[in-house]
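*Asks:* Chains as they are written, first to last, in the numbering used here: chain A, 1 to 329; chain B, 330 to 658.
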DNA sequence: GATGAAAATGTAATCGATTACATTTCGGAA
DNA sequence: TTCCGAAATGTAATCGATTACATTTTCATC
């Protein structure tokens, strides 16, 4: 493997000149440039990023923190981040935390040790204290999930409004007994989504019934099934369910089917996220779509600006209700 | 941000000593060690991997090449790779190629430029020529998908046998008209799976019917739907379908439902991969399970050994047929 | 042909670690 | 106390690039 010295010798010029040809910033005469390019060709030379990165004190790698790689919600976001990052010559390291602090620490360390230039966190369970501390010295952006008021720039949607929108849809097609399948309210978005739910009910004069609100520890398929089982056992069975994730909603769907009931005739279901699978189910799922790809590109842009030392502001993006078979037959 | 020089000065020792404390290999007296540790604490020092990596000529990063991040098949494999890699202090860069050569090149370049120490390729559409060339100078392992006989170590399952196993199951529960939903036979595994399908039929004296074999360009949900539509239009409709991916099978499921037919009474369905979603469907999918996590750990181990300069042999792992509702009601 | 400013190129320091080799320190034996 | 080998520590080269600054070349102008 050749290095820049050998290329310089081969071309009969100095390393500085080779570097200049490589980076194309400074002026080099066409004749020398040709000589250097020939030497590069001849020696099959590839500049080492190890040397370059050390000199430039950067790694050109950014971290994406997600709780679980298998949650389809993140795909589009990641794609958005990746495309933006690649266009700026950054690579992305996908970090699955399993919501475990030990795992998180491994990746935080990568930043501390200069192996990564910044972090986009999408983990709602992230240790906010550590993150805050880290944010003092390193570039950090929160995407989609964010702890409020800790001074780290974020990009997200208006969860309260989105939730309100979904529940209002259910009310408008005639439902009055609407269950909420929420996640643990230690998460800000969970609190916001409950508030949207309540606002929609209030606005239409539907009394709030605590019996209709359920909390789950995680947002997966199994939790959806279990919770739906409980819901179906209620004395006064709801005619609609709003679940704060598609996976929960899909679990609910399966459980309703298993009980011999039909969606949406017996129970209507609304999910959240518009993951790919949400229209592969039977029936296809009505769901709230976040602008995931956009969220990713915006987050990446913000992060790169932060890395470059600029100050960046938080951004709230819009959402969209995608109405499909699980509410309208 | 402090560097090793400053720590040395603070502790009143040389950089060599600090480095020795850091790496714990060479002997350092307890007294000096304490002094150094204090200095590290005091200055909040974190060793830079940029410096270390340059000196050691390594990046401690490995690439995973997958065609699409949203294909759930890869999750468990990736988890296996990641856990093994982390335990050896490697980080993984997840690279989505979209099966596009341009995208592929970006990541290959990362290896050429020393930003990555090796590659685990799971992309069946990878450019074999480039890969072969790369393998001469860099550590490369093929995982799950592999081009045969190109001299790059691989870990995989016996596709022919697995396919045979699945089709035999359908025959044993009484089916004789079995369609095969295969992917393009430019892929080795597609050819192998067709061979397994044929062997099972032959062995049970069922004549081969070319009408029952379908090819799809991709392995997604939509292709499954489209192909199933064609299958349902056949004069002599098959009573069972073996799809070479779960996503295809799930698409088939949806289409069968949409046609007002029932699984498995009217048409039985078998998938391949045992992705998470395969038991969230209605009915749950019978499928062939690959030992994905194991595959990941094995691939990672092989790659790391390769990086260390050892020679490694290819490995073929076993599979398992998971029988669920889509064949047995 | 002499002059001088602009353009091209070269020299050497630098980024932050590791490590071969050199030197100093230490403790026990004579 | 002296001496010696082992243990501890230090010195300086090295990995492979970038770049500030110094030097040389080029070339239009007089």
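Note that the Cβ used here is the ideal one computed from N, Cα and C, for glycine as well.
Report yes or no: is there a C-beta of chain A within less than 7 Å of the C-beta of residue 380 of chain B?
*Replies:* yes
*Asks:* Quick check: the segment 120-130 of chain A against the segment 65-76 of chain A, are at least 3 beta-carbon pairs closer than 8 Å?
*Replies:* yes
*Asks:* Compare the beta carbon distance of residue 613 of chain B and residue 654 of chain B with 7 Å and say whether it is the shorter of the two.
*Replies:* In this structure, residue 613 of chain B lies near residue 654 of chain B, with their beta-carbon atoms less than 7 Å apart.
*Asks:* If the cut is a Cβ gap below 7 Å, which residues of chain B does residue 254 of chain A touch?
*Replies:* 609 and 611
*Asks:* Would the beta-carbon of residue 153 of chain A fall within 7 Å of that of residue 295 of chain A?
*Replies:* no
*Asks:* Alpha carbon to alpha carbon, how far is residue 401 of chain B from residue 594 of chain B? Give it in angstroms, no decimals.
*Replies:* 28 Å
*Asks:* Less than 7 Å between CB atoms is the rule here; does residue 437 of chain B satisfy it with respect to chain A?
*Replies:* no
*Asks:* If you run the structure through DSSP and keep just helix, strand and coil, what is residue 511 of chain B?
*Replies:* strand
*Asks:* Less than 7 Å between CB atoms is the rule here; does residue 306 of chain A satisfy it with respect to chain B?
*Replies:* No Cβ of chain B is located within less than 7 Å of the beta carbon of residue 306 of chain A.
*Asks:* Checking contacts by CB at 7 Å: is residue 48 of chain A closer than that to chain B?
*Replies:* For residue 48 of chain A, a Cβ of chain B is located within less than 7 Å of the residue's own Cβ.
*Asks:* Looking at the C-beta of residue 64 of chain A, does it have a partner C-beta in chain B at a distance below 7 Å?
*Replies:* no
*Asks:* Check the DSSP bridge columns for residue 606 of chain B and list the partner residues they point to.
*Replies:* Residue 606 of chain B is not bridged to any residue.
*Asks:* Mapping the DSSP letters down to three states, classify residue 419 of chain B as helix, strand or coil.
*Replies:* coil
*Asks:* Determine the direct distance from the alpha carbon of residue 460 of chain B to that of residue 69 of chain A, and round the result to whole angstroms.
*Replies:* Residue 69 of chain A and residue 460 of chain B: Cα-Cα distance of roughly 27 Å.
*Asks:* Just mark residue 536 of chain B as buried or exposed, buried being the case when its beta carbon has 16 or more other beta carbons within 10 Å.
*Replies:* exposed
*Asks:* Where does residue 70 of chain A fall in DSSP's three states?
*Replies:* coil
*Asks:* According to DSSP, residue 140 of chain A sits in a beta bridge with which residue or residues?
*Replies:* A/119
*Asks:* Would you mind telling me which residues of chain B sit closer than 7 Å to residue 72 of chain A, beta carbon to beta carbon, in chain order?
*Replies:* 399
*Asks:* Name the chain B residues whose beta carbon is nearer than 7 Å to that of residue 94 of chain A?
*Replies:* 423
*Asks:* Between the beta-carbon of residue 299 of chain A and the beta-carbon of residue 143 of chain A, is there less than 7 Å?
*Replies:* yes
*Asks:* Name the chain B residues whose beta carbon is nearer than 8 Å to that of residue 257 of chain A?
*Replies:* 611
*Asks:* Grouping DSSP H, G and I as helix and E and B as strand, with all else coil, what is residue 327 of chain A?
*Replies:* In the structure shown, residue 327 of chain A sits in a helix (DSSP, three-state: H, G or I).
*Asks:* Does the Cβ of residue 413 of chain B have 16 or more other Cβ atoms within 10 Å, making it buried, or fewer, making it exposed?
*Replies:* buried
*Asks:* Just checking my contact of residue 31 of chain A with residue 377 of chain B at CB under 8 Å: how many whole Å lie between their CB atoms?
*Replies:* Between residue 377 of chain B and residue 31 of chain A the Cβ distance is about 39 Å, and since that is not below 8 Å, they are no contact.
*Asks:* Would you be able to state if there are at least three C-beta pairs under 8 Å between the segment 593-607 of chain B and the segment 417-435 of chain B?
*Replies:* Verdict: no, contact absent.
*Asks:* Rounded to the nearest angstrom, how far is the Cβ of residue 180 of chain A from that of residue 214 of chain A, given a contact under 8 Å?
*Replies:* 7 Å
*Asks:* Looking at the secondary structure, which residues open and close the beta strand (DSSP E) in which residue 344 of chain B lies?
*Replies:* No beta strand (DSSP E) contains residue 344 of chain B, which is instead part of the alpha helix (DSSP H) from 344-352.
*Asks:* Roughly how many angstroms lie between the CA atoms of residue 133 of chain A and residue 81 of chain A, to the nearest whole one?
*Replies:* Rounded to whole angstroms, residue 133 of chain A to residue 81 of chain A spans 24 Å at the Cα level.
*Asks:* Rank A/118, A/78 and A/127 by C-alpha distance to the C-alpha of residue 100 of chain A and give the top, closest one.
*Replies:* A/127
*Asks:* Give the interface partners of residue 444 of chain B over in chain A, defined as CB-CB distance under 7 Å, in chain order.
*Replies:* 49
*Asks:* So, at 6 Å on beta carbons, what are the nonlocal neighbours of residue 545 of chain B in its own chain, with the 5 sequence-adjacent residues on each side left out?
*Replies:* 512, 552 and 556
*Asks:* Please state the DSSP three-state secondary structure of residue 361 of chain B.
*Replies:* helix
*Asks:* Residues in the segment 542-561 of chain B with C-beta within 8 Å of chain A's C-beta atoms, listed in sequence order?
*Replies:* 550
*Asks:* How would you call residue 659 of chain B, buried or exposed, if buried means at least 16 neighbouring beta carbons within 10 angstroms?
*Replies:* Absent from the structure is residue 659 of chain B, since the part of chain B shown begins at 330 and ends at 658.
*Asks:* At a CB-CB cut-off below 9 Å, which residues of chain B make contact with residue 326 of chain A?
*Replies:* Within 9 Å Cβ-Cβ: nothing; residue 326 of chain A doesn't reach chain B, min ~13 Å.
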